[in-house]
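Novice: Dumping the structure here so I can ask a few things about it.
Numbering (the numbering used here), first residue to last: 43 to 253.
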């Protein structure tokens, strides 16, 4: 089901909408995107809804568990993933933002009034060093990554048994991307596609294989 102005999109416990003050039933997490303006369409085109799909299981965790989690993202569409993490009230979020995404991201976060600690970065090298993050997200902008080493700076900052999310690559290349990631030690947790793009997510046996 597509996300439209009249129709919200339910992904597990996440309810995404294009209004500014969405509400989710029960214990669900509302993700209102309206305050992001025109940039939201570019986030979706880059695979932002795939990131939401991959992150949805964490929305079912108790609030005190989510508060202990940490997220780091970079690449097209990752600003949406970071905003979803803020809405889920994950404890710590670091996001490498393209200049075109800064205003929309700031507007969305300001309206949310979340207790999440947010760090906006201009480059991944400024992210917290060491194995710190529970999930790292790498947006591919509709292309097959030329080298999975491009995700290396994220992987180096991921906890042992943390989750690597690669999203926004062509759906017909999902086996190719998975095979390459598996050779680097990826143990698959989830994969899926929406329209012409896909994602895969899993833990790593040895983070240094992405260096």
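Every residue gets a Cβ at the ideal spot worked out from N, C-alpha and C, and that includes glycine.
All figures in this text were calculated on a predicted structure; none of them were measured in a lab.
Among 226, 227 and 242, whose alpha-carbon lies nearest the alpha-carbon of residue 233?
Specialist: Ranking 226, 227 and 242 by Cα distance to residue 233 puts 242 first.
Novice: Quick check on the DSSP output: the beta strand (DSSP E) that includes residue 202 runs from which residue to which?
Specialist: Residues 200-212.
Novice: Starting from residue 145 and walking both ways along the alpha helix (DSSP H), at which residues does that stretch end?
Specialist: 144-154
Novice: Which residues mark the beginning and the end of the beta strand (DSSP E) in which residue 174 is found?
Specialist: No beta strand (DSSP E) contains residue 174, which DSSP labels as neither H nor E.
Novice: Just confirm the distance between the C-beta atoms of residue 61 and residue 74, as a whole number of angstroms; I'd bet it's less than 8 Å.
Specialist: Yes, they are in contact, since the Cβ atoms of residue 61 and residue 74 sit about 6 Å apart, within 8 Å.
Novice: Using DSSP's beta-bridge definition, name the partner residues of residue 137.
Specialist: 115 and 162
Novice: To the nearest angstrom, report how far apart residue 199 and residue 46 are at their CA atoms.
Specialist: Going from the Cα of residue 199 to the Cα of residue 46 covers about 35 Å.
Novice: Are residue 166 and residue 187 closer than 8 Å when you measure CB to CB?
Specialist: Taking the C-beta atoms as reference points, residue 187 is found no nearer than 8 Å to residue 166.
Novice: So, using beta-carbon positions, are residue 144 and residue 158 closer together than 8 Å?
Specialist: no
Novice: Of all the options 151, 226, 237 and 98, which has the alpha carbon lying nearest to the alpha carbon of residue 247?
Specialist: 226
Novice: Helix, strand or coil for residue 71, going by three-state DSSP, please let me know.
Specialist: strand
Novice: Got a sec? Which residues, its chain only, sit under 6 Å from residue 238 by beta carbon, not counting five neighbours each side?
Specialist: Closer than 6 Å at Cβ, skipping near neighbours: 213.
Novice: Residue range of the alpha helix (DSSP H) that residue 220 falls in?
Specialist: 216-225
Novice: Residues in the same chain with beta-carbon distance under 8 Å from residue 218, minus the five sequence neighbours each way, listed in chain order, please.
Specialist: 186
Novice: In chain order, what residues of the same chain lie with their CB nearer than 8 Å to the CB of residue 220, ignoring the 5 residues before and after it?
Specialist: 228, 230, 233 and 242
Novice: I want to know whether the segment 107-115 touches the segment 74-89 - three or more CB-CB distances under 8 Å.
Specialist: Result no; under three Cβ-Cβ pairs closer than 8 Å.
Novice: Name the residue from 131, 142 and 169 whose alpha carbon lies nearest to the alpha carbon of residue 151.
Specialist: Nearest C-alpha to residue 151: 131.
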